Each structure stands twice: as structure tokens, then as C-alpha cells.
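> Chains as they are written, first to last, in the numbering used here: chain A, -19 to 384; chain B, 14 to 250.
The beta carbon of each residue, even a glycine, is placed where N, CA and C say it ideally should be.
It should be emphasised that the depicted structure is a prediction, and the values quoted were computed from it without experimental measurement.
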């Protein structure tokens, strides 16, 4: 009967209840929208990190990351590469030679990371080919070609066909310089990486480094993201002395960003719900004060304080929860649309987004995994909102209340 | 031998006891036995409602004790009083005070649910009660669709639903026309006569006073007259 009474009380002032329910619905819609956008952005960022920056996993010499000395090649690299490719979880594995050096033109210079790659494998691993905006990319018959990022090209005023000189140390610590011609300019959507990474063929770089057919790194793409932990363990077993790292360790800033944004999502939702709580509190307070006499009568007849609490609490829950499915359904429909068609954020500034490693087209994703915590937060809001009205109701003196 | 239902022993209600004391009720003895049909009368401000509130456990006397069925209700805590009222006292208020969102039968059923009465028993009791008040055809109607007299009869059904030891009625006919008031009094008299239900009314209404078998007159918080011989023996005093 308390629930029936609470339900009917919720509809006593239909207009007021509908306004509150719609406020909750719009609040939930807005919150879910922000969460979906964040989730979409983070998914897109993770996808970019895996598909076009570091892959799922990388194997390298444990000392290599300390100073990037070219002598830290992978021991028996080609054998290891064959064994890595034989693992069922591995979709593609690409070798890379890496050295850090200077890129010099006639007018300026910049510090860069020089990546020696096997073009066909790199095109498949980091989608380098698709990122090329101007130029042809590596020509199979030409030797000293280089791909540079757009940001670096703009800074150094380089274009396809321009000449430049790379200077770096070889495995014997001698300085080596060689001239290259720009074969293409790529843009990855991560401006800081575009400014720092240049690509040569592995053969050209290894000749200068004196590393023969050795290389420093194997970049691995898996068949799906869920295989990360299992594949990581298997790769480590192939050679326990090598360093096997997942994208989370290779791009810790991305992992940190994902976790931080996850926490921000809850904070945003909390702020929305706190704002809503005051609206609900006001409505419930009005509802209780309008019914002072009735509540007084109920206490006079023998309704216990716990039942009065339950009544006001249930009414608040009804008001709050009733708007929730509307908000969730609305947000689900809108998110579904944008998940399919994408949300173009180019108006916010392409360069600004690129500097954080984001593309301009975001595909929001419904945060289904956050549904339960959000429902708990909504119930928490209802509890918070009903506290003052409940206290008012419980403090009613039936004699005074009946006089009104 | 009739059983004592209410035994209010030298009760007083004083406001501002530390500054300028105002006696709303002053040293009142009241003794009601089972089956009485009593009217508490007096001018406005004479203390009728205060006496009723104290006997009903809604207000505590500043001095004195009130025994209901041999339980001193002045010694009960707030939560014990709520439970005591639920199981022992039926209330009928001047302005009906039905819950507007509940149907007529649900208003009476609500109090039985608080008592934990089982569904089958509730349904049987509701049928019987609404037959007694003559509103069997209005059981599923909301209070707003009932006349004042019908609403007050539902309020009586609600008061009776808990099978109380007695019914306190505060100005029950004040908002009723003479036909409705007469029907309500007929009903109360019938319940008193047939079920031996004890009634204590506070009233200004001559129609009620005329029907009461005992009339207690309060003036300035004191009993000025009592048409029955009031017992001066207080078994608990």
C-alpha cells in the first residue's frame, strides 16, 4: 500500500512531476552523451595508438629504450620474427630498425627518430601508406627515400622531392651522414609523433648503421584486442630476456588519459546529478509541505516513522527513476545514430585535436558498462534529494499538523 | 460489570510553565467505561480538543496520568505511542482527513495493512464495514467523488477498521449538513448499541449533544459539569 500510495502521490501534481521526470531524462541524456563522446574519443585514440602508432605489442632489447644505441639489436631477430609470426594470435609482425639523429636541410635542423621499415609490412602494421598525403611513398627501385610527417614538413619547409641530410651514430659510435629525398609526406592525426618520426627503408638504414639484416624492434598486431594479455605472455616465453611491452606501456600517456577520462566521466555525471538533486529536493519538499495535514493524520492514526520515511523515499525514487529510462532510451538512440554516422568535430579545430592525438571524426559509443554505476548514482541522488523532505515529514507534530 | 476504557487522572496541560503559565486543561478527571456515548462540550478555547488529543496520545499532559485499558500512555515513548494508537484508538476528524489519492475502501484498508491484517480478513472486514456505513456501492470511489457526509462515514469505517477499544471524534459533524449529520449520528449510535463501541466526541453541535447519553462540559480547561456520576476512584492513582 505504501508503494501504491507513493505512486499515486507522485502523480498528484502531474505537471510538476513531468517537469522533474523530464529534467532527469535530459540530465541522463546529457550525461550519457558526454560519456559516449568520451568513450568514442578514447576508443578512437586507442585504435590509433594500436593501428598506426605502436601496435598491440612490441619486442625489443631490454637496454634499447634506455639510450637507443644502435648496437642493441634483437639477438637472432629473424628467427624470433618467424616464431612470432607462427603464433595463432598474431595477425602481422613487422621488424623495425630505429635510431635517433638529426635531420638537416639547407636552412634548419631538427631532432628526429629514424625508423627503418620494410614498406609492405609497415604499410599493413601502421597504415603508413594510407597516411601519405602528398608524394608517392617508397619506390621499390629507389634507395635513399624518406617519408616525413606533415608537421615536420611544414616546420622545415619540405615537400616531396626535397633533399635533406640525416646524421646519426652507427653501431661503432661513428657519426654517419647521408642524403635522402622526400618521397612522401604523411599525416597520422597525432601531430607530435608526425613531427618526430621519419621513415626510411630498413635496408637503407641498416647499411648505414652496419647492422646487416638485424633490427631493433618487432611491432605486432594481434587478431583482436582481447588477446593482448595471453599473446604478451606467449611472446615473453619465446625469449624471456627480451622486453615485451603492450601498447599500455608503450603509450602510457594514452592509458593514463583513458583512466583519467573515465574518472572525469563520473565527475561530470555527478555534477549533473547534483544539479538535478536540488530540483528533485525542491519538488519533494513542496510535496511534503503541501501534505502536512495528511501526513500528520497518518501519524495520528498510527503510521510509524519508518513507514513515513519509506513513503517519501519511494515517491522520490519514483520521480527520479521514472525519467531515467526515457533519458537512457533517448541517449541510446542518438548515440546509435552518431555511432553509425560519426560526429564531425572539425569545427573545434583540426590542429588542436591532432595535437592531442585525436581525429576530427568521432564515433561515440554507448557506455553500457557504466549503466550500473550510473543507476546507482541516480538512486544515490534520490536518497540525497529525499533527506530534507523526509526530515521535515518525520519532525511533524501530528497535533500541529492537524490544525493546518 | 462494565470495563474501564479511559481513566484520565488529574491531567493538566500548561503552556509557558516557566514564564506566565497558561492552563489549557486544568486538573481534569475523566473516567469512561466501555460502551459509553459521551460528548465533551464547551465554548471555543475551553480545552475540548486538548483533552481529546491527550487521551488519544497525540499530546502529552504536563501533569497527571492517562490510563487506556490499564496502560499509562503518558509513560510511553513516541514510537510506542504510535503503535498504541494504531491498535487501540480510532480517530474521526472534523475535516474527514481521508487520503485523496486512495479509494474509499483503500482508506480503511490502509490502517489494517499497517496492523498487518491478512488480505482475506481485510477484504471481509471492508465488506462488513462498508455495509454498516451504507456505502457498499462507493467502495471504489475516490473521496473527492463523495459528499461530505459520505466522506465522514468512510472516516468512521477507517476508525473502526482497526477494531479499536474506543473512538475519539473531534467535531465530527461540524462540516456536515443536518441530513448528513443525522445519518452519521445514527451510524455511531448503531455501532455503540450493537457493537458496544465506546465514543467520546468533542462538539459544539446541539444535534450531537442531544444524542449523547453523557455530556461533560468544559469551561476554561476545567470540568464545569458532568451529566453522569464520575467515578472518583482511580485504580492506578
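Have a look at residue 36 (chain A) and residue 115 (chain A) and give me their C-alpha separation to the nearest angstrom.
Answer to the nearest angstrom: the Cα atoms are 28 Å apart.
> Taking the C-alpha atoms as reference points, what is the distance between residue 102 (chain B) and residue 177 (chain B)?
Those two C-alpha atoms are separated by around 5 Å.
> Residue 132 (chain A) by DSSP, collapsed to three states: which one?
Helix, per DSSP.
> Taking residue 114 (chain B) as the query, report the chain A residues whose CB atoms sit under 7 Å from its CB, ordered along the chain.
Those within 7 Å of residue 114 (chain B) in chain A are -15, -12, -11 and -8.
> In whole angstroms, give me the CA-to-CA distance for residue 250 (chain B) and residue 239 (chain B).
Below a pLDDT of 50, predicted positions are generally treated as unreliable, and residue 250 (chain B), at 32, falls in that range; the measurement from the model is reported next regardless. Their backbone Cα atoms lie some 21 Å apart in a straight line.
> Rounded to the nearest angstrom, how far is the Cβ of residue 173 (chain B) from that of residue 68 (chain B), given a contact under 8 Å?
Wrong, their Cβ atoms sit about 18 Å apart, outside the cutoff.
> Step through the CB atoms of chain B and report whether any lies within less than 8 Å of the CB of residue 270 (chain A).
Taking Cβ atoms only, chain B never reaches closer than 8 Å to residue 270 (chain A), which makes this a no.
> Using a cut-off of 7 Å between C-beta atoms, extract the partners of residue 82 (chain B) located in chain A.
In chain order: nothing, as chain A lies at least about 15 Å away.
> If I'm right that residue 213 (chain B) touches residue 45 (chain B) with Cβ under 8 Å, what's the distance once you round it to whole angstroms?
Yes, residue 213 (chain B) and residue 45 (chain B) are in contact; Cβ-Cβ is about 6 Å, under 8 Å.
> For residue 81 (chain A), count the other beta carbons within 10 Å of its own beta carbon; 16 or more makes it buried, fewer makes it exposed. Which is it?
Buried, since its Cβ has 16 or more Cβ neighbours within 10 Å.
> Please identify, using Cβ separations under 9 Å, the residues of the region 124 to 147 of chain B that lie next to chain A, in order along the chain.
Against chain A - using a Cβ distance shorter than 9 Å - the residues of the region 124 to 147 of chain B are 124, 126, 127 and 128.
> Within this structure, are the beta carbons of residue 61 (chain A) and residue 222 (chain A) separated by less than 8 Å?
No, these two residues do not count as a Cβ contact at 8 Å.
> Check each residue of the region 356 to 372 of chain A: if its Cβ is closer than 9 Å to any Cβ of chain B, include it; give the result in chain order.
Residues passing the 9 Å Cβ filter: none.
> Is the Cβ-Cβ distance between residue 82 (chain B) and residue 18 (chain B) less than 8 Å?
Yes.
> Give a yes or no on whether the minimum CB-CB distance between residue 153 (chain B) and chain A is below 8 Å.
Judged by the 8 Å Cβ criterion, residue 153 (chain B) is not in contact with chain A.
> Could you check the C-alpha separation between residue 233 (chain B) and residue 47 (chain B) for me, to the nearest Å?
C-alpha separation (whole angstroms): 28 Å.
> Mind checking whether residue 60 (chain B) and residue 200 (chain B) have CB atoms under 8 Å apart?
No, these two residues do not count as a Cβ contact at 8 Å.
> Identify the residues that DSSP records as bridge partners of residue 93 (chain A): which are they?
Residue 93 (chain A) is bridged to A:80 and A:177.
> Here's the rule I'm using: 16 or more other beta-carbon atoms within 10 Å means buried, otherwise exposed. How should residue 210 (chain B) be labelled?
By the neighbour-count rule (16 or more Cβ atoms within 10 Å), residue 210 (chain B) is buried.
> Can you have a look at residue 28 (chain B) and say buried or exposed, based on whether 16 or more other CB atoms are within 10 angstroms of its CB?
The residue in question, residue 28 (chain B), is exposed, as its Cβ has fewer than 16 Cβ neighbours within 10 Å.
> Distance check for residue 302 (chain A) and residue 292 (chain A), CA to CA, integer angstroms please.
Taking the straight line joining both Cα atoms gives about 15 Å.
> Suppose contacts are defined by Cβ-Cβ distances below 8 Å. Is residue 132 (chain A) in contact with residue 174 (chain A) by that definition?
In contact: residue 132 (chain A) and residue 174 (chain A) (Cβ atoms closer than 8 Å).
> From B:225, B:80 and B:62, pick the residue whose C-alpha is nearest to that of residue 38 (chain B); which is it?
When each option's Cα is compared against that of residue 38 (chain B), the closest is B:62.
> Residue 118 (chain A) by DSSP, collapsed to three states: which one?
Reduced to three states, the DSSP call for residue 118 (chain A) is coil.
> So who's on the other strand from residue 321 (chain A), going by DSSP bridges?
According to DSSP, residue 321 (chain A) bridges with nothing at all.
> Is the closest heavy atom of the ligand MG to the C-beta of residue 168 (chain A) under 7 Å?
Among the ligands in the structure shown, none appear at all, so the ligand MG cannot be discussed.
> Check the DSSP bridge columns for residue 214 (chain B) and list the partner residues they point to.
For residue 214 (chain B), which the question treats as bridged, DSSP gives the partners B:52 and B:182.
> Under 8 Å: do the region 333 to 348 of chain A and the region 166 to 173 of chain A share three or more Cβ pairs, one atom per stretch?
Cβ pair count under 8 Å is three or more, so yes.
> Mind checking which residues open and close the beta strand (DSSP E) that includes residue 201 (chain A)?
197 to 202 is the span of the beta strand (DSSP E), which, as asked, contains residue 201 (chain A).
> Rounded to whole angstroms, what's the CA-CA distance from residue 379 (chain A) to residue 87 (chain B)? Just pull it up for me.
Cα-Cα distance, rounded: 16 Å.
> Against residue -19 (chain A), what residues of chain B qualify as contacts under a CB-to-CB distance less than 9 Å, listed in chain order?
Here the neighbours are 115, 119, 122, 123, 126 and 127.
> Consult DSSP for residue 76 (chain B) and reduce its assignment to one of helix, strand or coil.
The answer is strand: DSSP assigns residue 76 (chain B) an E or B state.
> So what does DSSP say about residue 4 (chain B), is it helix, strand or coil?
With chain B covering only 14 through 250, there is no way to say anything about residue 4 (chain B).
> Express the C-alpha separation of residue 371 (chain A) and residue 138 (chain B) in angstroms, rounding to a whole number.
Those two C-alpha atoms are separated by around 35 Å.
> So with Cβ pairs under 8 Å, would you call residue 176 (chain B) a contact of chain A?
No, no contact with chain A.
> Measure from the alpha carbon of residue 164 (chain B) to the alpha carbon of each residue in B:179, B:190, B:78 and B:222, then state which is nearest.
Checking every option, the nearest Cα to that of residue 164 (chain B) belongs to B:190.
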